[in-house]
Amino acid sequence: MQEVITRLQQNNVTSGLAAFSPPGTRPPKIGLAVPENLVLPPGYVRHHQATDDGQRIEAILMFAPDYRPLDANNQPVEIPADRVVPSHLAPPGFPVRSITIPPPRPQ
27 MQEVITRLQQ
37 NNVTSGLAAF
47 SPPGTRPPKI
57 GLAVPENLVL
67 PPGYVRHHQA
77 TDDGQRIEAI
87 LMFAPDYRPL
97 DANNQPVEIP
107 ADRVVPSHLA
117 PPGFPVRSIT
127 IPPPRPQ
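If you count the sequence shown from 1, you need to add 26 to reach my numbering.
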């Protein structure tokens, strides 16, 4: 599959399979697991991912693109470049637990 995607992208194809990164070139983001039934406060979003072999990974907590959190002194808090919320910046009362990436399926 990696060869097919790479060949398509080298030929300037950007749709279909070529819209995706080749397997193994973009590892999943590790972050705080977001329970499915949890209502998120404004400024936070769920980020859904899958493994290269198609297994769903629990959603992780990320900052919304247009959100800038403020500290107790109303000053902007620096957020990670990838917008993944670290445990110390989780919203109050959020259940802090990291996701687990499932092992690859046997071939």
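Yeah, the Cβ is synthetic: ideal placement off N, Cα and C, and Gly gets one too. What you are looking at is a predicted structure, and each value in this text was computed from that prediction instead of being measured.
Buried or exposed for residue i, please, with buried defined as at least 16 other CB atoms from any protein chain shown within 10 angstroms of its CB.
i	result
residue 27	exposed
residue 96	exposed
residue 56	exposed
Per DSSP, residue i is paired with what?
i	result
residue 102	96
residue 82	76
residue 58	124
residue 27	Beta-bridge pairing links residue 27 to no other residue.
Once you ignore the five residues that flank residue i on each side, which residues in its own chain have a CB closer than 7 Å to its CB?
i	result
residue 67	117
residue 38	none
residue 125	56, 57, 59, 83, 84 and 86
residue 32	48
Apart from the five residues just before and just after residue i, which ones in its own chain have a Cβ nearer than 8 Å to its Cβ?
i	result
residue 122	58, 113 and 116
residue 130	77, 78 and 79
residue 34	42, 43 and 44
residue 46	31
residue 94	102, 103 and 105
Using a threshold of 9 Å, state whether the C-beta atoms of residue i and residue j are closer than that.
i	j	result
residue 70	residue 103	no
residue 29	residue 60	no
residue 89	residue 72	no
With residue i and residue j assumed to form a contact (beta carbons below 8 Å), what rounded beta-carbon distance in angstroms separates them?
i	j	result
residue 54	residue 75	5 Å
residue 81	residue 128	5 Å
Excluding sequence positions up to five away, which residues of its chain have a Cβ less than 6 Å from the Cβ of residue i?
i	result
residue 120	none
Can a CB atom of chain D be found closer than 9 Å to the CB of residue i?
i	result
residue 37	Reference to chain D is not applicable here, since this structure consists of a single protein chain.
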